[in-house]
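Each protein sequence line maps, in turn, to chains A and B.
Residue numbering for the first sequence follows my numbering, starting at 998 and increasing by one per position.
Residue numbering for the second sequence follows my numbering, starting at 54 and increasing by one per position.
Think of the CB as a built atom: it goes at the ideal place given N, C-alpha and C, for glycine as much as any other residue.
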Amino acid sequence: AQKVTQAQTEISVVEKEDVTLDCVYETRDTTYYLFWYKQPPSGELVFLIRRNSFDEQNEISGRYSWNFQKSTSSFNFTITASQVVDSAVYFCALSEEDAGNMLTFGGGTRLMVKP
Amino acid sequence: KAGVTQTPRYLIKTRGQQVTLSCSPISGHRSVSWYQQTPGQGLQFLFEYFSETQRNKGNFPGRFSGRQFSNSRSEMNVSTLELGDSALYLCASSPGTSNEQFFGPGTRLTVL
């Protein structure tokens, strides 16, 4: 069965610090998809990135970057030069090819960026 | 393009009652999924509908049901409400399979 683990339940940093959110997953499928979502205090989940299991290339989008390593079953997310607006709960999620759009979420990491 | 909309945004019910939540997906999206979010259990998948057919179901009792209409709008129903059903119910839409899913603002259900 699939599983996603986000070991860091809460992280606190000071503005402009870099921060990495860890995500470890388990799946028996060879084809799967990994996601990151942001949930600000308003409650709506905001899509950040989707990565399929055959694409291990790291990705950078502005201050955000993602490191996907199949060898360690990890899909970590780094925010460079954090800002107060980055404060939110971040979720890593997994979907398997044969499971339609069913997402299995990790427990989430609450990031607090202090000014 | 308008995002995913959910109605109502807030709901208060008492134990034993039933409730219906509604979700309108992004125009053109055929898949609608429902999730329950609680502090204790986190985000859990309820079910997914694709072209009016339930494609997948999570591990929830039969009191939780859903349906999808021909215009892709979806409803979920919870019967015989229990205190533990208090949660944020999130709906997500997607154009197909294994694509990114876009979430609505959620319906916060409180059961007294």
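Below 8 angstroms on the Cβ atoms is my guess for residue i versus residue j; work out the distance and round it to an integer in Å.
| i | j | result |
| --- | --- | --- |
| Thr1002(A) | Val1021(A) | 5 angstroms |
| Leu1091(A) | Thr1106(A) | Actually they do not touch by this definition, with Cβ atoms about 16 angstroms apart. |
| Ala145(B) | Val57(B) | 7 angstroms |
| Pro158(B) | Gly1040(A) | 6 angstroms |
| Thr106(B) | Ala140(B) | So it is not a contact: roughly 25 angstroms between Cβ atoms. |
| Glu135(B) | Arg1047(A) | 35 angstroms between Cβ atoms; not a contact. |
| Leu99(B) | Phe117(B) | 6 angstroms |
| Ala1004(A) | Asp1019(A) | 6 angstroms |
So, is the C-beta of residue i closer than 9 angstroms to a C-beta in chain B?
| i | result |
| --- | --- |
| Asn1073(A) | no |
| Tyr1061(A) | no |
| Ser1039(A) | yes |
| Arg1107(A) | no |
| Val1043(A) | yes |
| Asn1064(A) | no |
| Leu1100(A) | yes |
| Arg1047(A) | yes |
| Ala1004(A) | no |
Would you say residue i lies against chain A (beta-carbon separation less than 9 angstroms)?
| i | result |
| --- | --- |
| Phe103(B) | yes |
| Gly119(B) | no |
| Leu141(B) | yes |
| Tyr63(B) | no |
| Ala55(B) | no |
| Leu96(B) | yes |
| Thr172(B) | What the structure shows of chain B is the stretch from 54 to 165, and residue 172(B) is not part of that stretch, so it cannot be assessed. |
| Arg68(B) | no |
Under a Cβ-count criterion, where at least 16 other Cβ atoms within 10 Å of its own Cβ denotes burial, should residue i be classed as buried or exposed?
| i | result |
| --- | --- |
| Gly137(B) | exposed |
| Leu165(B) | exposed |
| Gly1103(A) | buried |
| Pro78(B) | buried |
| Ala1078(A) | exposed |
| Gly115(B) | exposed |
| Thr160(B) | buried |
| Tyr102(B) | buried |
| Ile65(B) | exposed |
| Gly69(B) | exposed |
Relative to the C-alpha of residue i, which candidate in the options has its C-alpha closest?
| i | options | result |
| --- | --- | --- |
| Ser80(B) | Leu134(B), Lys66(B), Ser127(B) and Gly115(B) | Ser127(B) |
| Tyr88(B) | Met129(B), Ser104(B) and Arg116(B) | Met129(B) |
| Tyr1029(A) | Glu1053(A), Leu1108(A), Gly1104(A) and Ala1078(A) | Glu1053(A) |
| Thr67(B) | Gly149(B), Thr133(B) and Leu143(B) | Thr133(B) |
| Val1082(A) | Arg1047(A), Ala1096(A), Met1109(A) and Phe1074(A) | Met1109(A) |
| Pro1038(A) | Glu1094(A), Gly1104(A) and Ala1085(A) | Ala1085(A) |
| Tyr1034(A) | Lys1111(A), Tyr1061(A), Asp1095(A) and Thr1027(A) | Tyr1061(A) |
| Gln1066(A) | Ser1009(A), Glu1007(A) and Glu1023(A) | Glu1023(A) |
| Gln97(B) | Glu1007(A), Phe1088(A), Ile1076(A) and Val1043(A) | Phe1088(A) |
| Pro148(B) | Ser104(B), Leu74(B), Thr163(B) and Gln70(B) | Ser104(B) |
| Ala55(B) | Thr163(B), Phe155(B) and Leu74(B) | Phe155(B) |
| Phe1059(A) | Asn1049(A), Ser1050(A), Thr1075(A) and Ser1070(A) | Going by the sequence as given, residue 1059(A) is Gly instead of Phe. Here the closest residue by C-alpha is Thr1075(A). |
Item to complete: Give, in chain order, every unbroken run of the beta strand (DSSP E) that is at least 3 residues long and sits entirely within the segment 1000–1068 of chain A.
Response: Entirely contained in the segment 1000–1068 of chain A, the beta strand (DSSP E) runs reaching 3 residues are, in chain order, 1000–1002, 1007–1011, 1016–1018, 1021–1023, 1029–1036, 1043–1049, 1056–1058 and 1061–1066.
Worksheet entry | In chain order, each beta strand (DSSP E) run of at least 3 residues that lies wholly inside the segment 61–113 of chain B | Within the segment 61–113 of chain B, the complete beta strand (DSSP E) runs of at least 3 residues fall at 63–66, 72–77, 84–91, 95–103 and 106–110.
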